[in-house]
Amino acid sequence: MTHRTSSESRSSRRDSPFPAVANADIHHVRETIITWFETAARPLPWRDADTSAWAVLVSEIMSQQTPVSRVEPRWREWMHKWPTPADLAQAPTAEVLHSWDRLGYPRRALRLQEAARVIAEELDGHVPQTAQELERLPGIGSYTAAAVASFAHGERTTVLDTNVRRVLIRLFAGRDRPSASPGRAETDWASQFVPETNHEKWNAGVMEFGALVCTARNPRCETCPLSDMCAWQKAGRPASEVKPKTQKWAGTDRQLRGAIMDVLKSAHEHSAGSDNFGSVSFDLFTASITEVDPELLDLLPSHTSTKLAQVRELSADPERISRLIGDLISDGLAAQDGEMLRLPG
DNA sequence: AACGCGGGGAT
DNA sequence: ATCCCAGCGTT
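With the first sequence counted from 1, adding 966 to any position gets you this note's numbering.
Below is the structure:
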């Protein structure tokens, strides 16, 4: 009983995770979302008409798992500093990581610089036009490829981020939230909503709608222009039975990795004009289980020794710190020269 | 399919 | 204390 015949498929369509949608509903939803978007959209700078494809790409990478409100100031700095792929390609990676600041998932900054190098060196500085080509670049998956192709190049793609998935699932499947990750079936199903013309307005609009109205928590159903036809609303807005597993933070490797990165960023920040600073001795990290030699600490800028103390506060286990430093090095987020550790090249 | 990866603001 | 945010790459 592994296959399901076409008749079984038809008879169980009502229970399908992606139910059939009437044409009239598709058109109504399109019109409503696009009209809503034209008056309610946030004035995000990367939506300006003169924004380059590169700038759009940067905004999308920065926005992966990071709220737009935190992205905007970083994006402005980056565009001022590195307005083209060639600019970022030539930048010291240490400076790239430092400028990433606290957006989270700093590996994204590494992938973004790698992508910039491919674009600058192999693609004559031109951001790829199609989603298929974009997806070959490091750090660009199905969402980002579709988004850049649609927003920067006007290709008719199906943009399927967490917002779009939630909006469509609620409207037509009556469920609270989508599955853990979208499959091809969901993308195919979602593609029917993307109009032939104004597809970028649909793509941006339905994303924005999910961010401002059909939100994950406390959705604004009272003012929602689609509540009349919303399957989730009709079903009494049931909460999903299984909650997504929530990731811990306090005490985790992630937190400790972040603290170690903070030390390296701090050392880098105070390294202007000096070769001695900009790096921290490996011993200072692994000695975290004991009292660090005060004379050694005095060699560091006070800001850096404060960050080091925070690492020590998080973990007194030199084995663990040593392991995480090894991970950071193999991830390309840190570099070792001799006994010294620093941000990479 | 499940996991690891950052960090912060809202509730 | 928990949730969630314009996901991606690896296993």
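From the three backbone atoms N, C-alpha and C, an ideal C-beta is built for every residue, glycine too.
- Asp-1303: member of the beta strand (DSSP E) spanning 1301-1303, first to last residue.
- Around His-1064, the same chain offers Lys-1231 and His-1234 as residues with beta carbons nearer than 6 angstroms, after the five sequence neighbours per side are excluded.
- Separation of the CB atoms of Ala-1118 and Leu-1023 is rounded to 7 angstroms, and the pair is thereby assigned contact status at 8 angstroms.
- Between Arg-1040 and Asp-1067, the gap from beta carbon to beta carbon is short of 8 angstroms.
- Looking at Ser-1147, Arg-1143, Lys-1211 and Asn-1169, the one whose alpha-carbon comes closest to that of Pro-1185 is Arg-1143.
- Where Leu-1307 is concerned, the enclosing beta strand (DSSP E) starts and stops at 1306-1308.
- Note that the C-beta distance between Leu-1192 and Val-995 is below 8 angstroms.
- Under the Cβ criterion (8 angstroms, minimum of three pairs), the stretch 1175-1183 does not count as touching the stretch 1148-1165.
- Spanning the alpha carbons of His-1046 and Glu-1038 requires a straight line of approximately 13 angstroms.
- For Val-1246, the enclosing beta strand (DSSP E) covers residues 1245-1247.
- In this chain, the alpha helix (DSSP H) harbouring Glu-1099 covers 1097-1100.
- The continuous stretches of alpha helix (DSSP H) do not include Ile-1135, and DSSP gives it neither H nor E.
- In the DSSP assignment, Arg-1289 falls within the unbroken alpha helix (DSSP H) covering 1284-1297.
- Ranked by Cα distance from Pro-1072, the first of Gln-1221, Gln-1098 and Arg-1286 is Gln-1221.
- Spatial neighbours of Arg-1132 in its own chain (CB-CB distance under 7 angstroms, excluding positions within 5 residues in sequence) are listed in chain order as Arg-1143, Pro-1144, Gly-1176, Cys-1180 and Ala-1182.
- Looking at the backbone, the Cα of Ser-1288 and that of Leu-1299 are separated by about 14 angstroms.
- Spanning the alpha carbons of Leu-1078 and Pro-1104 requires a straight line of approximately 7 angstroms.
- When only Cα atoms are considered, Leu-1250 and Asp-1293 end up about 17 angstroms apart.
- Listed in chain order, the non-local C-beta contacts of Ala-1205 below 8 angstroms within the same chain comprise Asp-1142, local neighbours out to five positions each way being set aside.
- Restricting attention to Ser-1237, Phe-1138 and Met-1173, the CA atom closest to the CA of Ala-1197 is found in Phe-1138.
- Exclusion of the five residues before and after Glu-1026 leaves Thr-1110, Ala-1113 and Val-1114 as the residues of its chain whose Cβ lies within less than 7 angstroms of its Cβ.
- Beyond the five residues adjoining it in sequence on each side, Trp-1168 comes within less than 8 angstroms, by CB distance, of Arg-996, Ile-999, Ile-1000, Phe-1159, Val-1160 and Pro-1161 in the same chain, given in chain order.
- Scanning Met-1306, Trp-1155, Gln-1276 and Thr-1252 for the CA closest to the CA of Ser-982 turns up Trp-1155.
- Where Asp-1127 is concerned, there is no enclosing alpha helix (DSSP H), because DSSP gives it neither an H nor an E.
- Residue nearest to Met-1028 within the set Gly-1224, Lys-1214 and Gly-1070 is Gly-1070 (criterion: CA-CA distance).
- Residue environment for Trp-1215: exposed (fewer than 16 other C-beta atoms within 10 angstroms of its C-beta).
- When C-alpha distances from Arg-1203 are compared across Cys-1187, Met-1173, Lys-1209 and Gln-1213, the shortest belongs to Cys-1187.
- Collapsing the DSSP output to three states places Leu-1192 in coil.
- In the DSSP assignment, Thr-998 falls within the unbroken alpha helix (DSSP H) covering 989-1006.
- If you ignore the 5 residues before and after Arg-1122, its C-beta comes within less than 6 angstroms of the C-beta of His-1165, all in its own chain and listed in chain order.
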